[in-house]
């Protein structure tokens, strides 16, 4: 299975897209004078106008905060009763943690509660649950859920107004 980090709420969650990532076509690569990998040139089945190439200025910029409505196969159903689920992905650092805290506070302008989850899919054992008011939410809380490099048990942090 795999690690799954997500937000859950009773209200829809806004998507956050990485502004540094762009999908382009092979034709667009040619127009921009970008180097096209030989393997793509040899494949006759590729639609030259289909946007299949990911372009980003640096590897570090690939890991910006992204929040998207993605709950394949209802993965979150084993963990939350909330109706709206969005996957959270980013390479943890202090700045991105602060960005997520701002996102949570903005969401709580219209909602009473939001759940932050870190789970190992298929592991529905004992959940480490905690509740915090938004004013008490810290970068360290975000780091505990989204900066961990190993997994011990499902964690849920409920953040309220």
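Numbering (my numbering), first residue to last: 4 to 164.
From the three backbone atoms N, C-alpha and C, an ideal C-beta is built for every residue, glycine too.
For residue i, the three-state DSSP class (helix, strand or coil)
| i | result |
| --- | --- |
| residue 127 | coil |
| residue 100 | helix |
| residue 149 | helix |
| residue 109 | helix |
| residue 155 | coil |
Rounded straight-line distance, which links the Cα of residue j to that of residue i
| i | j | result |
| --- | --- | --- |
| residue 116 | residue 14 | 9 Å |
| residue 2 | residue 59 | For residue 2 there is no data in the structure shown, the boundaries of the chain being 4 and 164. |
| residue 10 | residue 141 | 16 Å |
| residue 126 | residue 100 | 25 Å |
| residue 80 | residue 94 | 25 Å |
| residue 57 | residue 164 | 38 Å |
| residue 33 | residue 69 | 29 Å |
Test item: CB-CB of residue i and residue j under 8 Å
| i | j | result |
| --- | --- | --- |
| residue 160 | residue 144 | yes |
| residue 74 | residue 91 | no |
| residue 110 | residue 16 | yes |
Bridge-paired residues (DSSP) for residue i
| i | result |
| --- | --- |
| residue 119 | 10 and 160 |
| residue 91 | 70 |
| residue 135 | 162 |
Whole runs of the alpha helix (DSSP H) within the stretch 9 to 81, excluding any shorter than 4 residues | You should have 29 to 34 and 41 to 45.
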